[in-house]
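Asker: Quick one: the structure is below, and I'll ask about it shortly.
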Amino acid sequence: MTVRFYALLDGERRLLDEQVEMVDVHAFFSQRTFGREHLEVEVEHAGDGEADVLFTVQGRNKLRQGLAEATYRHSELVELTPVMFVFGGFNQLTADTPGLVFVRVRVGENVVSPTTPLRYRVTLTECDGDPVAGQSFTYPGPGADPTDPTTWSTITTDANGQAFFGPPAGFTLNDLPELLEPLGATTPFIGALPAGCYFLRVELINVSDMTVVGQGAVRFVVPMAVGP
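When we follow my numbering, the leftmost residue of the sequence shown carries the number 4, and every step to the right adds one.
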């Protein structure tokens, strides 16, 4: 499958050379699925919003014959990941040693109202599903200095391995506009875990009705410390 990026300028379609992406997707369908084939490809562009961006998609069949092209305007595409989560530092942890990790979150446009109260909920379990209760982490809460961990707040997981972080009443996109920026907003954490295999899920919650706006997860292993 080939995805090309175009700009529509004064009614003329122009190929954006600096944004050309060739995406090869290999999929095979049996006769039983004929007419019900479905593929999803997630694409991004770095446009400045001044021109309408078109995406032209063309596939090839098993005989390498070109299939009909399909063109979509950017405004017609559905964002497959309305809230993006990125986890970092978890593969650097060592058992029973305070380590620094981070969670970066980006919220897509028009996912929630700028005034919707939001909060994060974390769920920490062992890889076999057992909740990790009583585990504490520190993070820079409201008013804290992100560069000075002595000013950070502490959260502790409950019997279900869950804890909330962020202001109790929630925050909004107006309060934290970095969430809408391409790199999103990053929250660092410091904590010490015993050796083991863990699964961490982070959810962005609408405080007004406790619905989940988006979520992400990471599986990681904390090894024993290596002796001198």
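From the three backbone atoms N, C-alpha and C, an ideal C-beta is built for every residue, glycine too.
Computed from a prediction, not measured in an experiment: that's the story for all the values here.
(1) To the nearest angstrom, how far is it from the Cα of residue 242 to the Cα of residue 213?
(2) Tell me which residue opens and which closes the beta strand (DSSP E) that residue 217 is part of.
(3) Comparing alpha-carbon positions, which option in 120, 169, 132 and 131 lies nearest residue 144?
(4) DSSP three-state call for residue 138: helix, strand or coil?
(5) Once DSSP output is grouped into helix, strand and coil, what is the label at residue 209?
(6) What are the boundary residues of the beta strand (DSSP E) that includes residue 165?
(7) I want to see whether chain B comes within less than 9 angstroms of residue 164, judged by CB atoms only; does it?
(8) Name the two residues that bound the continuous beta strand (DSSP E) containing residue 129.
(9) Roughly how many whole angstroms lie between the Cα atoms of residue 225 and residue 205?
(10) Comparing alpha-carbon positions, which option in 85, 93, 219 and 87 lies nearest residue 192?
(11) Per DSSP, what kind of secondary structure is residue 159 in: helix, strand or coil?
(12) Alpha carbon to alpha carbon, how far is residue 176 from residue 138? Give it in angstroms, no decimals.
(13) So, helix, strand or coil for residue 183, using DSSP?
(14) Which whole-angstrom value describes the C-beta separation of residue 210 and residue 173, a residue pair presumed to lie in contact below a C-beta threshold of 8 angstroms?
(15) For the structure I just gave you, are there three or more beta carbon pairs, one from the segment 152 to 160 and one from the segment 112 to 124, closer than 8 angstroms?
(16) Output the distance between the C-alpha atoms of residue 126 and residue 120, rounded to the nearest integer angstrom.
(17) Exposed or buried, what is residue 207 when buried is set at 16 or more other beta-carbons lying within 10 Å of its beta-carbon?
(18) Rounded to a whole number of angstroms, what is the C-alpha to C-alpha distance between residue 166 and residue 124?
(19) Report yes if the CB atom of residue 242 is closer than 9 angstroms to the CB atom of residue 104, and no otherwise.
(20) Measuring alpha carbon to alpha carbon, tell me which of 99, 102, 171 and 108 ends up nearest residue 180.
(21) How is the beta strand (DSSP E) around residue 103 delimited, first residue to last?
(22) State the CB to CB distance for the pair residue 194 and residue 91, rounded to an integer number of angstroms; the pair is presumed to be in contact (CB under 8 angstroms).
(23) Let's test the definition: count the other Cβ atoms within 10 Å of the Cβ of residue 217 and tell me whether it reaches 16, buried, or not, exposed.
(24) Closer than 6 angstroms by C-beta to residue 97: which residues in its own chain qualify, once you throw out the five before and the five after it? Chain order, please.
Answerer: In terms of the structure at hand:
(1) In the structure as shown, the chain begins at 4 and stops at 231. Residue 242 is therefore absent and cannot be evaluated.
(2) 214 to 225
(3) 169
(4) coil
(5) strand
(6) 165 to 168
(7) As a matter of chain content, chain B is missing from the structure shown, which is built from one protein chain.
(8) 121 to 129
(9) 19 angstroms
(10) 93
(11) strand
(12) 29 angstroms
(13) helix
(14) 4 angstroms
(15) no
(16) 20 angstroms
(17) buried
(18) 6 angstroms
(19) The requested residue 242 does not occur in the structure, where the chain is confined to residues 4 to 231.
(20) 108
(21) 102 to 110
(22) Not confirmed; about 14 angstroms, so no contact.
(23) buried
(24) 228
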